[in-house]
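Undergrad: Be aware that the sequence shown starts at 1, since it is given in full-length UniProt numbering, and climbs by one per residue.
Beta carbons: idealized from backbone N, C-alpha and C, even for Gly.
After the structure tokens below, expect a handful of questions from me.
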Amino acid sequence: MKKRLLLMMVLILAVLTYVSIKGNNRPPEERKYRDKVLSALGGHDVDKLKSLFSKNARDNIDDFDFKIALLMKKYKGKLISAKYDRNYPVVTEDKEKGIKRIETYYVVKTDELGIKFMYLQVVAKDDENPDEVGISSMMFSPEIWQITMDDSNRGYYLWVDNPLWADYVDPDEVMSTESSR
Numbered sequence: 001m002k003k004r005l006l007l008m009m010v011l012i013l014a015v016l017t018y019v020s021i022k023g024n025n026r027p028p029e030e031r032k033y034r035d036k037v038l039s040a041l042g043g044h045d046v047d048k049l050k051s052l053f054s055k056n057a058r059d060n061i062d063d064f065d066f067k068i069a070l071l072m073k074k075y076k077g078k079l080i081s082a083k084y085d086r087n088y089p090v091v092t093e094d095k096e097k098g099i100k101r102i103e104t105y106y107v108v109k110t111d112e113l114g115i116k117f118m119y120l121q122v123v124a125k126d127d128e129n130p131d132e133v134g135i136s137s138m139m140f141s142p143e144i145w146q147i148t149m150d151d152s153n154r155g156y157y158l159w160v161d162n163p164l165w166a167d168y169v170d171p172d173e174v175m176s177t178e179s180s181r
């Protein structure tokens with residue numbers, strides 16, 4: 001009986017430790033950007049939201065001010081929750097170049113909007129080009145499947161996207177890669 005009780009306690013401790021470690025696997029930059037974005041949206045603070053985008057994103061996103069204003073208009077109500085969707089965040093890191101990128105989908109719920117989906121791509125670190133540090137891409141959508149749709153559906157949701165983000169791919173390279181398959 002004592003052995004069973006001891007074994008049960010060890011198993012419970014192991015499960016709790018695993019859950020604790022798994023839950024803390026998020027990079028601190030992800031939480032920082034999520035909280036700042038949601039705070040800016042909730043407070044309709046345009047300047048605060050703009051400042052979270054990288055310098056290169058602010059300089060290269062077409063109609064940046066208009067898209068931010070539209071995003072502010074679409075975000076309504078008081079935040080109830082912001083939870084992860086899918087197995088996110090995904091962190092990619094090139095330690096040689098000093099680049100760290102974080103990609104995350106959230107299920108965002110407010111008292112007026114109900115459930116919406118938000119996507120953030122953040123360059124948390126770039127030693128070669130510090131102007132890339134910040135949000136490079138952000139999306140706010142009524143449905144998660146819209147995120148993966150092609151460009152023909154971009155009018156349905158708001159996509160604030162930097163065409164010159166850190167891992168920008170030259171279309172010619174993509175075409176040659178696809179055609180060689």
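With which residues is K109 paired in a DSSP beta bridge?
TA: S81, I115
Undergrad: Please state the DSSP three-state secondary structure of D65.
TA: DSSP places D65 in helix when its eight states are reduced to three.
Undergrad: Please report the straight-line C-alpha distance between I99 and S51, rounded to a whole angstrom.
TA: 20 Å
Undergrad: Under three-state DSSP, which class holds M149?
TA: For M149, the predicted structure reports a pLDDT of 45, less than 50, and the residue's modelled location is therefore unreliable. The matter cannot be settled from this model.
Undergrad: Going by C-alpha distance, which of K74, K48, K36, D65 is nearest F140?
TA: Checking every option, the nearest Cα to that of F140 belongs to K74.
Undergrad: How many angstroms separate the CA atom of G114 from the CA atom of E132?
TA: When rounded, the distance between both Cα atoms is 33 Å.
Undergrad: Within 10 angstroms of its Cβ, does E128 collect 16 or more other Cβ (buried), or is it exposed?
TA: Exposed.
Undergrad: Mapping DSSP to helix, strand and coil, what is I21?
TA: Reliability fails at I21, whose pLDDT of 44 lies under 50, so the model's placement of it is uncertain and the value that follows must be treated cautiously. DSSP places I21 in helix when its eight states are reduced to three.
Undergrad: Determine whether the beta carbon atoms of residue 225 and L120 lie at a separation below 8 Å.
TA: This structure gives no information on residue 225, because the portion of the chain shown stretches from 1 to 181.
Undergrad: Does the distance from the C-beta atom of L41 to that of I68 stay below 8 Å?
TA: no
Undergrad: Tell me whether the beta-carbon of E112 lies closer than 8 Å to the beta-carbon of K76.
TA: yes
Undergrad: Classify M1 as helix, strand or coil using the three-state DSSP reduction.
TA: coil
Undergrad: Looking at the unbroken beta strand (DSSP E) that takes in G42, where does it start and where does it end?
TA: Counting along the chain, G42 falls outside any beta strand (DSSP E), though it belongs to the alpha helix (DSSP H) covering 28-42.
Undergrad: So, at 7 Å on beta carbons, what are the nonlocal neighbours of E29 in its own chain, with the 5 sequence-adjacent residues on each side left out?
TA: I102, V122, A124
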